[in-house]
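Reviewing the structure listed below.
Number of protein chains: 2
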Amino acid sequence: MAEDDEDRADALFHALADRTRRDIVRRVLAGEHSVSALAAKYDMSFAAVQKHVAVLEKAGLLSKRRQGREQLASGDVDAVRSVASMLTELEGVWRGRIARIDALIAADHPTQPPPSHPDGPRKD
Amino acid sequence: MAEDDEDRADALFHALADRTRRDIVRRVLAGEHSVSALAAKYDMSFAAVQKHVAVLEKAGLLSKRRQGREQLASGDVDAVRSVASMLTELEGVWRGRIARIDALIAADHPTQPPPSHPDGPRKD
DNA sequence: CAAACATACAACCATTCGGTTGTATGTCAA
DNA sequence: TTGACATACAACCGAATGGTTGTATGTTTG
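Going down the list, the sequences are from chains W and D.
Sequential numbering of the first sequence, starting at 47, is according to our numbering.
Sequential numbering of the second sequence, starting at 47, is according to our numbering.
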């Protein structure tokens with residue numbers, strides 16, 4: 047795994063680890079919003095909201111497009127998906143553990159059918 | 047959305063926003079590890095690793111089981127899945143936006159078939 | 001042009017974070 | 001019982017975070 051990937055993962059998870067930023071992400075995924083339109087929604091200064099937007103932009107969760115004097119922010123769903131895929135990879139690690147456990151059980155009880163864990167492994 | 051859910055989301059994303067902690071999660075999802083076994087893997091003090099484990103435990107990403115003088119940590123895949131589902135919900139918000147845009151296009155060009163965006167909406 | 005608006009950014013501040021060392025407590029083994 | 005090991009936790013430190021206010025710069029409009 048490249049070091050840059052870890053940097054990116056740090057930035058993405060950190061960006062999402064704040065409820066104001068998660069809320070901004072929801073809004074800009076639903077549609078374009080100017081920074082001041084976003085700022086109007088929260089009980090904090092314009093500068094604070096602008097900094098949140100900057101954190102999200104650096105993490106790649108949104109991009110900005112200038113239109114006149116406004117800066118329109120738009121959510122990037124691919125960034126959201128890349129985070130989801132990191133979690134899927136983690137789930138895969140866990141599935142490997144369960145598979146190993148099942149193999150052990152099968153070796154101990156050669157005639158028993160695989161116990162088929164209640165919540166895993168999904169093969170769909 | 048309950049306030050507690052946001053607290054939990056904060057804790058989960060924050061816990062995952064550190065590469066050492068993500069690595070610990072990988073290891074404990076793959077199998078049980080004592081805290082000192084984990085600490086041996088990283089170039090930092092035992093106390094530092096123990097604090098990382100505590101952060102992950104508070105977020106619900108792992109749980110500990112005492113065995114003799116050791117504390118065995120085990121990853122909780124359901125917590126990982128709950129994070130993934132938050133991201134899926136975000137993706138759903140984005141899909142709503144695309145659906146709205148498609149509806150507008152359909153209204154402007156009543157005879158055109160829906161343009162079917164390159165990466166969305168997935169209906170599988 | 002001037003005034004109002006939208007944004008950007010620097011400086012500052014309190015709190016949190018990620019690390020350290022040191023100490024206390026519990027458990028296993030000789 | 002006495003060490004040695006595994007864990008927990010407090011106290012501390014520098015850096016980053018999340019907020020503030022103030023100032024500068026561009027853009028639209030009267």
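Every residue gets a Cβ at the ideal spot worked out from N, C-alpha and C, and that includes glycine.
Check, Outcome
"Near-chain W residues of the segment 60-86 of chain D (beta-carbon distance less than 8 Å), N- to C-terminal order", "60, 62, 63, 64, 65, 68, 71, 72, 75, 76, 77"
"Beta-carbon proximity of residue 55 of chain W to residue 107 of chain W, cut-off 7 Å", "no"
"Cβ neighbour criterion (16 or more within 10 Å) applied to residue 151 of chain D", "exposed"
"Exposure of residue 138 of chain W, with buried meaning 16 or more beta-carbon neighbours within 10 Å", "exposed"
"Chain-ordered chain D contacts of residue 133 of chain W [CB-CB under 9 Å]", "62, 126, 127, 129, 130, 133"
"Residue-chain proximity (residue 52 of chain W, chain D), Cβ-Cβ < 7 Å", "yes"
"Separation of residue 145 of chain D from residue 156 of chain D, as counted between CA atoms", "16 Å"
"Minimum Cβ-Cβ distance from residue 137 of chain W to chain D less than 7 Å", "yes"
"The segment 60-78 of chain W contacting the segment 107-125 of chain W, beta-carbon criterion three pairs below 8 Å", "yes"
"Proximity test, residue 132 of chain W beta-carbon vs the ligand SAH heavy atom, cut-off 6 Å", "Of ligands this structure carries none, so the ligand SAH is not represented either."
"Coil, strand or helix - residue 87 of chain W by DSSP", "coil"
"For residue 109 of chain W: DSSP bridge partner residues", "W:120"
"Residue 48 of chain W beta carbon less than 7 Å from that of residue 105 of chain W", "no"
"Beta-carbon proximity check, residue 95 of chain D vs residue 133 of chain W, cutoff 7 Å", "no"
"Simplified DSSP state of residue 60 of chain W, which is helix, strand or coil", "helix"
"CB contact check: residue 170 of chain W to chain D, cutoff 7 Å", "At residue 170 of chain W, the pLDDT of 44 sits below 50, so the modelled position is not reliable; the number obtained from the coordinates is stated separately. Output row for residue 170 of chain W: interface = no."
"Chain W within 7 Å of residue 56 of chain D, Cβ atoms only", "yes"
"Residue 155 of chain D, DSSP secondary structure in three states", "coil"
"Cα-Cα separation between residue 59 of chain W and residue 90 of chain W, rounded to whole angstroms", "23 Å"
"Contact under 7 Å by Cβ, residue 65 of chain D with residue 52 of chain W", "yes"
"Sub-7 Å separation of residue 130 of chain D and residue 63 of chain W beta-carbons", "no"
"Per DSSP, the bridge partner or partners of residue 80 of chain D", "D:118"
"Classification of residue 67 of chain W by the beta-carbon crowding that lies within 10 angstroms, buried from 16 upward", "buried"
"Contact set for residue 98 of chain W: own chain, Cβ-Cβ below 8 Å, skip 5 residues either direction", "64, 66, 67, 70"
"Check whether residue 101 of chain D and residue 140 of chain W have beta carbons under 7 Å apart", "no"
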